[in-house]
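Encoded as structure tokens, the structure appears first; notes follow it.
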Amino acid sequence: MGWKEKESTLTEYYAKLFPVESIFQWLRYTSTREFSFVLDGGAYIRYIAVNTPEALKERLVRETPQKLDIGAVYATKPATVSLDNPSLLKELVFDIDLTDYTRACCTSKTMCNKCFPLVKCAIEVLHHILTVHFGFSKILFVFSGGRGVHCWVSDAVALSLDGKDRVSLAEYIERLGREGTPEVDEILLKYKDAVSKENPSVSYLYEEIFPKLDAAVTKQMKHLLKSPFCIHPGSKRVCVPLALDTLDAIQLEDIPVLESVINDPSLLQKYLDVFEAHITP
Numbered sequence: 062m063g064w065k066e067k068e069s070t071l072t073e074y075y076a077k078l079f080p081v082e083s084i085f086q087w088l089r090y091t092s093t094r095e096f097s098f099v100l101d102g103g104a105y106i107r108y109i110a111v112n113t114p115e116a117l118k119e120r121l122v123r124e125t126p127q128k129l130d131i132g133a134v135y136a137t138k139p140a141t142v143s144l145d146n147p148s149l150l151k152e153l154v155f156d157i158d159l160t161d162y163t164r165a166c167c168t169s170k171t172m173c174n175k176c177f178p179l180v181k182c183a184i185e186v187l188h189h190i191l192t193v194h195f196g197f198s199k200i201l202f203v204f205s206g207g208r209g210v211h212c213w214v215s216d217a218v219a220l221s222l223d224g225k226d227r228v229s230l231a232e233y234i235e236r237l238g239r240e241g242t243p244e245v246d247e248i249l250l251k252y253k254d255a256v257s258k259e260n261p262s263v264s265y266l267y268e269e270i271f272p273k274l275d276a277a278v279t280k281q282m283k284h285l286l287k288s289p290f291c292i293h294p295g296s297k298r299v300c301v302p303l304a305l306d307t308l309d310a311i312q313l314e315d316i317p318v319l320e321s322v323i324n325d326p327s328l329l330q331k332y333l334d335v336f337e338a339h340i341t342p
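Under the numbering used here, the first residue of the sequence shown carries the number 62, and numbering increases by one thereafter.
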């Protein structure tokens, strides 16, 4: 498939399938929120602000970005970020990438069903910590499309955390990875087959499969994160939400790709249902 054909397919996806109305409903604060496009060739367009889902859809269809990123909510429309226009709100976010793990099966940007359980483990551990240790409930996990997972926490308290709070929270999770808890021990032991070592100790599992966060993404409000239902530029997989109650069963080949959802839009439905269930009050 040549670039023109790929661009046409992506344009069709934005025009017909990308759930822009649901994205707006989920984000709530949109008129002064930063959106960012990554265009073909890698050029960034930052500080995009739109008032309506229709306005965002029109730009997506017209400009066909390879990636749509979401940023913070600012005091005024984010033409730039400055002391005069500070970030006010942002979901608490986490980025986990398997390139930070030691894997016997894959290296660099590749991923397979042997290492996919590392993503599942990260989801279960992080969900436990965020719910039990912090009391959050509006938690969304989204497959990154490549080799990892993004987590969005949109409780009102999480949205209003300042930079120091986010640093403290990320450091608390990192400390748990060194000190451990019986509940996390149990989750890690569930995924012990994800490491190549036979009969691994719990301490070894903490070193190898406890969530390896990109801490800067969590700590800094200026960081952008890929929108749910984007198309990964490399793999062409859809960045779909993952539900905890079906996590054990899902395989990498179950994640739909751009061409398949264009041919059969129903492949997106169960992931749209997960998203709608998350955003419904």
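All C-beta atoms in this analysis are idealised placements derived from N, C-alpha and C, irrespective of residue type, glycine included.
Three-state secondary structure (DSSP) at residue i?
i: His189; result: helix
i: Leu117; result: helix
i: Asp156; result: strand
i: Leu149; result: strand
i: Ile109; result: strand
i: Leu328; result: helix
i: Leu303; result: strand
i: Ala104; result: coil
i: Val122; result: helix
i: Ala338; result: helix
i: Tyr252; result: coil
i: Ala310; result: coil
i: Ala165; result: coil
i: Ser262; result: coil
i: Phe79; result: coil
i: Ser69; result: helix
Quick one, which of the options has its alpha-carbon nearest residue i's?
i: His194; options: Trp213, Val245, Ser215 and Pro147; result: Val245
i: Arg164; options: Ala183, Ile270, Cys182 and Phe79; result: Ile270
i: Val81; options: Val335, Tyr135 and Cys291; result: Cys291
i: Lys181; options: Ser327, Lys251, Val318 and Ala110; result: Lys251
i: Ile248; options: Val263, Glu240 and Ala140; result: Val263
i: Leu100; options: Glu124, Asp223, Arg227 and Tyr74; result: Glu124
i: Thr171; options: Gly207, Lys253, Asp226 and Val299; result: Gly207
i: Asp334; options: Val318, Val301, Asn324 and Glu119; result: Val301
i: His339; options: Phe202, Tyr267 and Ile106; result: Phe202
i: Trp213; options: Ser327, Glu314, Ser148 and His284; result: His284
i: Lys297; options: Lys280, Leu303, Ile323 and Pro272; result: Ile323
i: Glu115; options: Asp161, Tyr135 and Gln86; result: Gln86
i: Tyr162; options: Ala217, Val256, Glu314 and Asp309; result: Val256
i: Val154; options: Asp309, Leu329, Leu313 and Ser288; result: Ser288
i: Lys151; options: Leu319, Asp306, Asp275 and Arg227; result: Arg227
i: Gln281; options: Pro261, Lys225, Ser215 and Tyr332; result: Lys225
i: Arg89; options: Ala133, Leu191, Pro139 and Asp223; result: Ala133
i: Ser346; options: Arg236, Arg94, Ile109 and Thr192; result: Nothing can be reported for residue 346: it is not among the residues displayed for the chain, which extend from 62 to 342.
i: Tyr233; options: Leu187, Ser221, Leu319 and Leu305; result: Leu187
i: Thr341; options: Pro139, Tyr108 and Asp216; result: Asp216
Determine the direct distance from the alpha carbon of residue j to that of residue i, and round the result to whole angstroms.
i: Asp130; j: Thr137; result: 19 Å
i: Thr72; j: Val122; result: 5 Å
i: Ile316; j: Asp145; result: 42 Å
i: Thr70; j: Gly295; result: 15 Å
i: Gly238; j: Asn174; result: 24 Å
i: Ala183; j: Ala76; result: 33 Å
i: Glu337; j: Leu303; result: 12 Å
i: Gly102; j: Gln127; result: 9 Å
i: Thr253; j: Leu266; result: Here residue 253 is Lys; the residue named in the question, Thr, does not match the sequence. Distance between the alpha carbons of Lys253 and Leu266: 7 Å.
i: Trp64; j: Ser97; result: Here Trp64 scores only 46 on pLDDT, less than 50, and its place in the model is too uncertain to base an answer on.
i: Lys273; j: Leu117; result: 33 Å
i: Phe79; j: Cys166; result: 33 Å
i: Ser169; j: Thr160; result: 6 Å
i: His293; j: Ala277; result: 21 Å
i: Glu119; j: Val111; result: 10 Å
i: Lys258; j: Thr242; result: 22 Å
i: His189; j: Leu329; result: 27 Å
i: Glu240; j: Asp156; result: 21 Å
i: Glu185; j: Glu235; result: 16 Å
Name, in chain order, the residues that DSSP records as bridge partners for residue i.
i: Arg94; result: Val134
i: Lys128; result: Val99
i: Pro317; result: Looking at the DSSP assignment, Pro317 forms no beta bridge with any residue, so it has no partner.
Cβ of residue i less than 9 Å from any chain C Cβ?
i: Gly295; result: Absent from the structure: chain C. Only one protein chain is present.
> For the region 169 to 242, which segments carrying the beta strand (DSSP E) assignment without a break, of at least 3 residues, lie completely within its bounds, in sequence order?
Replying inline: 200 to 204 and 209 to 214
> Which ranges would you report for the alpha helix (DSSP H) in the region 268 to 297 if only whole runs of at least 4 residues count?
Replying inline: 276 to 280
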